[in-house]
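Just so we're aligned, residue 195 is where the sequence shown starts under our numbering, counting upward by one.
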Amino acid sequence: MSEIIPIASDHAGFELKERVQSWLKEHGYEVKDLGTDSPASTDYADYAHPLAEMVSRGEVKRGVLLCGTGLGMAYAANRHPHVRAAVVWSPEIAELSRKHNDANVLVLPARFMSPEDAARILDVWLGTDFDGGRHTRRVGKIEREGSSE
Ligand code: RB5
Numbered sequence: 195m196s197e198i199i200p201i202a203s204d205h206a207g208f209e210l211k212e213r214v215q216s217w218l219k220e221h222g223y224e225v226k227d228l229g230t231d232s233p234a235s236t237d238y239a240d241y242a243h244p245l246a247e248m249v250s251r252g253e254v255k256r257g258v259l260l261c262g263t264g265l266g267m268a269y270a271a272n273r274h275p276h277v278r279a280a281v282v283w284s285p286e287i288a289e290l291s292r293k294h295n296d297a298n299v300l301v302l303p304a305r306f307m308s309p310e311d312a313a314r315i316l317d318v319w320l321g322t323d324f325d326g327g328r329h330t331r332r333v334g335k336i337e338r339e340g341s342s343e
């Protein structure tokens with residue numbers, strides 16, 4: 195069974211969201227589109243929270259959010275327990291966000307990247323595992339588990 199990846203954007207990320215969806219489908223993922231459905235003006239938090247809830251509850255392993263800078267989406271998503279939303283603007287940051295931070299939400303700054311940039315980032319982000327080891331303790335401290343160590 196193919197992995198289900200939820201995806202959501204505001205108006206600023208709408209166009210790139212459509213491209214990212216196609217890329218994901220072409221690469222064998224099942225996409226759950228949580229909107230928005232047009233370039234009409236919207237509020238990013240209305241789209242970040244439902245996706246982050248899915249990840250937080252463990253319904254899906256990971257998801258993708260897009261807005262103009264990536265920042266608003268990340269702020270909203272990171273308010274949910276166990277969500278680690280990373281704003282990623284290069285394949286190198288994509289790799290490190292997985293290896294060191296076990297990022298489970300990829301946030302793309304749609305106004306600052308091409309569809310080709312996004313494809314390169316997706317490829318690395320989806321294909322890189324968490325390194326574990328010392329990073330497990332550090333990631334645990336984000337949720338304040340074992341923070342007295
Ligand atoms: C929308 O204009 C823009 O503010 C939004 O997409 C995002 O960049 C917010 O963080």
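For every residue, glycine included, the Cβ atom is placed at its ideal position computed from N, Cα and C.
For residue i, which residues of its own chain have a beta-carbon under 6 Å away from its beta-carbon, when the five flanking residues on both sides are left out?
{"i": "S342", "result": "Note that S342 scores a pLDDT of 48, beneath 50, so its modelled location is shaky and nothing firm can be said."}
{"i": "R314", "result": "P285"}
{"i": "G309", "result": "In the sequence under discussion, the amino acid at residue 309 is Pro, which differs from the Gly named in the question. Same-chain partners within the cutoff: R213."}
{"i": "H294", "result": "H329"}
Leaving out five residues on either side along the sequence, give the residues of the same chain with a beta carbon under 8 Å from the beta carbon of residue i.
{"i": "S250", "result": "H274, P275, H276, V277"}
Report whether the distance from the Cβ of residue i to the nearest heavy atom of the ligand RB5 is below 8 Å.
{"i": "M267", "result": "yes"}
{"i": "G257", "result": "no"}
{"i": "H205", "result": "yes"}
{"i": "T263", "result": "yes"}
I'd like the list of long-range same chain contacts for residue i, defined as Cβ closer than 7 Å, with 5 residues on each side in sequence excluded.
{"i": "C261", "result": "S203, D204, A206, G207, Y238, M267, A304"}
{"i": "W283", "result": "P303, F306, M307"}
{"i": "E253", "result": "none"}
For the alpha helix (DSSP H) containing residue i, list its first residue and its last residue.
{"i": "S357", "result": "Nothing about residue 357 can be read from this structure; the chain reaches only from 195 to 343."}
Return the first residue and the last residue of the beta strand (DSSP E) that residue i is part of.
{"i": "V299", "result": "299-303"}
{"i": "V258", "result": "257-261"}
{"i": "P167", "result": "Absent from the structure is residue 167, since the part of the chain shown begins at 195 and ends at 343."}
{"i": "V281", "result": "279-281"}
Check whether the stretch 224-233 touches the stretch 320-331, counting contact only when three or more Cβ pairs, one atom from each stretch, lie closer than 8 Å. no
Which full runs of the beta strand (DSSP E) of 3+ residues lie inside the stretch 209-251, going along the chain? 224-227
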